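Quick notes on the structure that follows.
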Amino acid sequence: MTEKKLNIKSIEYRKKILKYVVGANAGHTGGSLSCIDILNVLYNHVMNVGPHNFQSPDRDRYIQSKGHSVEALYVVLADKGFFPEKDLETLCKYSSHYIGHPTKKVKGIEQNTGALGHGLSLSAGTALAAKMDKRDYKVFTLLGDGELPEGSNWEAALSAAHYKLDNLCAIVDKNSLQITGATADVCNTEPLDKKFESFGWAVRHVDGHDLELLKRTFDGLPFEEGKPSVVIAHTVKGKGISFMENEVKWHHGVPAKEQYTMAVEELDKALLAYQ
Ligand SMILES: Cc1ncc(C[n+]2csc(CCOP(=O)(O)OP(=O)(O)O)c2C)c(N)n1
């Protein structure tokens, strides 16, 4: 896909995230906007997965460990044709499968997540299964920097290196904020690169909104043979909407009518640059 098309997709995905969060009157706006460029590149450039091969044991796997940002995943899966986008009008409505965290009841979703701190373990297990079955698929998982202290993340980091899972790529959406404040204040995880390195991972830092750099970085996988890879993606929570950027209140804030109009205007203006 051309650079222009990919850039347009990111803006359109942002518009859709806002549309469906507003429709549901619920959602994790800030964290969905911070990771959407990563999902765009994964699904439209990197991974071999779509509705056509979702039943195939050889498909690449994506497991979204920071499950609360499911709105980002929903709009990308709808765009890939896993389900009609219209389904998202039922987001968070009574009896809808489109709830506020990923579940396998939705086509295209590999694992139930959202209780933070488990996606890396699930992904390491899936990558180990590929090795044992002698299959070539890759496993990608998206972690939040605020998520990293939770669950079994560091146990999974140790075992992924132990089993030499170079078919595993973790991406940390490092927007430096979490639910109640700065990640550094709530539970500091720095220095993140040195921690992963010392656990036996190959590490790259990227600007998580630079689509071309993300493409090049993922094209270089595995970063080192015999080691799991981690991409520390430096991102901005609320990216793309000026009044949401770097504001912790937008972690699960829903824009009011006027704010929504302003946000869409900003995104439409950004789209003009590509016409
Ligand atoms: C086990 C568990 N503990 C707490 C929560 C509540 N929670 C939801 S989002 C969040 C913050 C996560 O921060 P981060 O991963 O940095 O998310 P991002 O800023 O990327 O949205 C927390 C603590 C949860 N979902 N699961």
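Those letters in the sequence shown? Residues 60 to 334, per our numbering, in order. Heads up, the beta-carbon is just placed ideally off N, CA and C, and yes, glycines get one too. Just so it is clear, the structure is predicted and the values come from calculations on it, not from any experiment.
If we count the other Cβ atoms within 10 Å of its Cβ and call it buried at 16 or more, is residue 285 buried or exposed?
-> exposed
Look up residue 289 in the DSSP assignment and give the residues it is bridged to.
-> 229, 262
CA-CA distance, residue 300 and residue 191?
-> 45 Å
Is residue 248 near ligand 1, judged by its Cβ being under 7 Å from some heavy atom?
-> no
Beta-carbon spacing of residue 70, residue 272 below 8 Å | no
Check: residue 268 C-beta below 7 Å from any heavy atom of ligand 1 | no
Below 6 Å CB to CB, which residues in the same chain sit around residue 91 once its five sequence neighbours on both sides are set aside?
-> 76, 128, 130, 131
For residue 103, is the beta carbon positioned less than 7 Å from some heavy atom of ligand 1?
-> no
Return helix, strand or coil for residue 198, following the three-state DSSP convention.
-> strand
Take residue 303 as the anchor and find which of 290, 66, 325 has the nearest alpha-carbon.
-> 325
In the DSSP assignment, find the alpha helix (DSSP H) that holds residue 70 and state where it starts and stops.
-> 62-83
Based on Cα-Cα distance, which residue from 246, 234, 322 lies nearest to residue 291?
-> 234
Which runs of the alpha helix (DSSP H), 4 residues or longer, sit entirely within the segment 113-181?
-> 129-139
Going by C-alpha distance, which of 65, 298, 319, 187 is nearest residue 81?
-> 319
Near ligand 1: residue 174 beta-carbon under 7 Å from a heavy atom | yes
Residue 162 to residue 274, Cα distance in whole Å?
-> 28 Å
In whole angstroms, what separates the C-alpha of residue 159 from that of residue 311?
-> 11 Å
Contacting residues, own chain, Cβ-Cβ under 8 Å from residue 236 (five flanking each side not counted) = 89, 205, 242, 296, 305, 307, 310
Are there 16 or more other CB atoms within 10 angstroms of the CB of residue 225, so buried, or fewer, so exposed?
-> buried
Residue 65 vs residue 124 beta-carbon contact at 8 Å | no
Hey, residue 261 and residue 288: beta-carbon distance below 8 Å or not?
-> yes
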